[in-house]
Amino acid sequence: MGSHQKVNHGDKPILLFTSIPATGHITPTLRIASALHARGWPVFYLGPTAHKATISATGVQFLPFLDDADFNDLTYFAPKGEGAITEKDAVVQGTTSEPTWRDRVFSDFREFFISPIPARHRSLCAALTHIHQLFPPSSARVVVVAEATSNFLLPLFHGAPLPPSIPKPIGSIALSVMIPALRSAHIPPLVSEPIEFDTTPAYRERVAKIWRDWEMETRGLKELLVEKVEQAGGKDFAKAMETREREKGRESWALLSGECFVGYDHVCQIGVESWFYKTEEGWPANWRFVGAVPKSVRVLEEAKQALVDEVKLAREKEGKKVVVVAQGTVEIDPRHLILPTIQALGGREEDTLVVAILGHRGRTLPKDVVVPANAKVVDYLAYDAILPHADVFVSNAGYGAVMHGIGHGVPMVVAGEEQDKKENVVRVQWRGHGIKLNKSWRDDKEYVKELAEAVGKIMDEEEGREVRKRAMELKEEADSIDCIMTVEECLSPYL
Numbered sequence: 009m010g011s012h013q014k015v016n017h018g019d020k021p022i023l024l025f026t027s028i029p030a031t032g033h034i035t036p037t038l039r040i041a042s043a044l045h046a047r048g049w050p051v052f053y054l055g056p057t058a059h060k061a062t063i064s065a066t067g068v069q070f071l072p073f074l075d076d077a078d079f080n081d082l083t084y085f086a087p088k089g090e091g092a093i094t095e096k097d098a099v100v101q102g103t104t105s106e107p108t109w110r111d112r113v114f115s116d117f118r119e120f121f122i123s124p125i126p127a128r129h130r131s132l133c134a135a136l137t138h139i140h141q142l143f144p145p146s147s148a149r150v151v152v153v154a155e156a157t158s159n160f161l162l163p164l165f166h167g168a169p170l171p172p173s174i175p176k177p178i179g180s181i182a183l184s185v186m187i188p189a190l191r192s193a194h195i196p197p198l199v200s201e202p203i204e205f206d207t208t209p210a211y212r213e214r215v216a217k218i219w220r221d222w223e224m225e226t227r228g229l230k231e232l233l234v235e236k237v238e239q240a241g242g243k244d245f246a247k248a249m250e251t252r253e254r255e256k257g258r259e260s261w262a263l264l265s266g267e268c269f270v271g272y273d274h275v276c277q278i279g280v281e282s283w284f285y286k287t288e289e290g291w292p293a294n295w296r297f298v299g300a301v302p303k304s305v306r307v308l309e310e311a312k313q314a315l316v317d318e319v320k321l322a323r324e325k326e327g328k329k330v331v332v333v334a335q336g337t338v339e340i341d342p343r344h345l346i347l348p349t350i351q352a353l354g355g356r357e358e359d360t361l362v363v364a365i366l367g368h369r370g371r372t373l374p375k376d377v378v379v380p381a382n383a384k385v386v387d388y389l390a391y392d393a394i395l396p397h398a399d400v401f402v403s404n405a406g407y408g409a410v411m412h413g414i415g416h417g418v419p420m421v422v423a424g425e426e427q428d429k430k431e432n433v434v435r436v437q438w439r440g441h442g443i444k445l446n447k448s449w450r451d452d453k454e455y456v457k458e459l460a461e462a463v464g465k466i467m468d469e470e471e472g473r474e475v476r477k478r479a480m481e482l483k484e485e486a487d488s489i490d491c492i493m494t495v496e497e498c499l500s501p502y503l
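For the record, in the sequence shown the residue sitting at position 271 is 279 according to my numbering, with numbers rising by one throughout.
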């Protein structure tokens, strides 16, 4: 990383941000990092080189991941051409056949969350060394703000050494950008099959059995996690986790039972508290809800600004309803949601405009797709640019998309099947600010019909009144929280 002339930065400590190398996790983390940078905090972001340009464009100082921590999600999740499977699917199966949902979840654990832990610790050591070369010893006080699923500080928290003469960070904050993986008597493991929330004894016993089965099913992944933390130097990790679980009255610890949050001074949870289930355990004392991340203020490219202006005009002057459909940046096969939405609403040219966001820059629909006159297709567009003009948001329920829907008060139609999306779908329906689709995209015509009915219900003056009301209530709750000020309150002890 080279040597630099030492500089002073006032009384504020240096913030070192990081996250797993996935767009959906980098985006909210970087949004907070760049907002703090704009408020005078010295900020570095340790991340993948594939996102260097995006990170650097915010003014935040980019530092690269090393070795296999430097993962390129843009190629991992994107098909190589029409009809091709993704690199991720090839890794999962070692073949060209389509993997199961569970295969894909476990692959994500191995590839994204667990295997790179030693390289992430080496990256931390290199980043801290660079920072201490750049700043005088008296002002090189570092606070790490790590997106929790990165497991970034697990080795350090459990005994892994830093380079000689490099002191430990003076503080640490975990940033939770999804439903937190915590163990509860009322909630199954995050990526197990979701069940309807309840508080009855029978439900608790059902949850307990799911956790027992989960512990058996994920034993190999838990052993891999212990192995990787120990490879990085965290020798007391397994013992610490077992002790923690016994103190809570459990015989052993299971994967996704809160291990990624242990050791942090504070946890900042993106979202609003009322969107989450209330459990008898409650939230840990160091937990803070920070609401919605700051909205994007980036200037759009000319063509995309023209699209937004066209949509705004159609809604405000022509009285059309606007439906935005997007599948995030991971599960981007348009057959899952984008094409069914276009098909479902293609006959409503007089009163409805559809904006379909494909999720990756430069991406297009297959050549044989006929796009109806009332649909606008764009490769990539910030939600904050288009959702202020939307009446319905159709999404596969990535956590970031759901929080954007809440932040803009837009009711949702949701239909996710991958990662944590199944759980997000259930919670959107439970909280009442959206409608969950029960059919699968594989059901073709029945799925398209259900989707059209769900969108129509939300847009109907009477039928959609309650779901629109709930969406606005959540928006008001999010608006009542100043995200960056709340994060700064967590940083204040280090001043």
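Ideal Cβ positions, reconstructed from N, Cα and C, are used throughout, including at glycine. All figures in this text were calculated on a predicted structure; none of them were measured in a lab.
Check	Outcome
Beta-carbon spacing of Phe205, Tyr272 below 7 Å	no
Helix, strand or coil at Leu388 [DSSP, three-state]	The question names Leu, but residue 388 is Tyr in the sequence shown. Note: Tyr388 maps to coil in three-state DSSP.
Cβ shell of Leu499 (< 7 Å), same chain only, five flanking positions each side left out	Val151
As assigned by DSSP and simplified to three states, the class of Pro163	helix
Beta bridge counterpart(s) of Ala364 as assigned by DSSP	Val333 and Val385
Separation of Gly266 from Lys236, as counted between CA atoms	17 Å
N- and C-terminal bounds of the beta strand (DSSP E) containing Glu155	Val150 to Glu155
Contact between the segment 448-456 and the segment 190-204 (3+ Cβ pairs under 8 Å)	no
Nearest to Thr372 (by Cα), restricted to the options Leu347, Gly354, Gly279 and Leu361	Leu347
Contact set for Ala390: own chain, Cβ-Cβ below 8 Å, skip 5 residues either direction	Ser304, Arg306 and Leu308
Alpha helix (DSSP H) segment containing Lys457, residue limits	Lys453 to Met467
Alpha carbon of Gly242 to alpha carbon of His274, nearest angstrom	21 Å
Separation of Ala193 from Ala210, as counted between CA atoms	11 Å
DSSP beta-bridge partners of Trp295	Val275
Inter-stretch contact at 8 Å, needing at least 3 Cβ pairs: the segment 244-260 / the segment 406-417	no
Status (buried if at least 16 other CB within 10 Å, exposed otherwise) for Asp468	exposed
Backbone secondary structure at Thr66 - three-state DSSP	coil
Minimum C-alpha distance to Ala77 - residue among Ala43, Phe121, Glu318 and Gly48	Phe121
Residue closest to Arg369, alpha-carbon to alpha-carbon, out of Lys312, Ala148, His397 and His344	Lys312
Cβ-Cβ separation, Val422 to Val400 (assumed contact under 8 Å), whole Å	Actually they are not in contact, since the Cβ atoms of Val400 and Val422 sit about 11 Å apart, beyond 8 Å.
His12 - DSSP class collapsed to helix/strand/coil	Only weak support is given to the placement of His12: the predicted model assigns it a pLDDT of 44, under 50, and the value that follows is read from those uncertain coordinates. Note: His12 maps to coil in three-state DSSP.
Nonlocal neighbours in the same chain, by C-beta distance under 7 Å from Asp428, ignoring five residues either side	Met186, Ile187, Leu198, Val199 and Tyr407
Per-residue burial, Glu358 [other beta carbons within 10 Å of its own, 16 or more giving buried]	exposed
Pairwise C-alpha distance: His344 and Lys174	A small correction: the amino acid at residue 174 is Ile; Lys does not occupy that position in the sequence shown. C-alpha separation (whole angstroms): 49 Å.
Cβ contact (3+ pairs, closer than 8 Å) linking the segment 377-387 and the segment 482-489	no
C-alpha distance - Trp291 paired with Glu281, whole-angstrom precision	10 Å
Range of the contiguous alpha helix (DSSP H) that encloses Ala262	Here Ala262 belongs to no alpha helix (DSSP H), and DSSP marks it neither H nor E.
Per DSSP, the bridge partner or partners of Phe25	Tyr53 and Val153
Buried versus exposed, by CB contacts within 10 Å (16 or more), Gly228	exposed
Stretch pair the segment 17-32 + the segment 133-145: three plus CB contacts closer than 8 Å	yes
Under 7 Å between C-beta atoms of Ile28 and Thr157	yes
For Ser184, the first and last residue of its enclosing beta strand (DSSP E)	Gly179 to Ser184
Buried/exposed call for Pro374, threshold 16 Cβ in 10 Å	exposed
Inter-residue Cα distance where the pair is Asn80 and Lys60	11 Å
In chain order, each beta strand (DSSP E) run of at least 3 residues that lies wholly inside the segment 173-234	179-184
Residues sharing a beta bridge with Phe401, DSSP	Val332 and Met420
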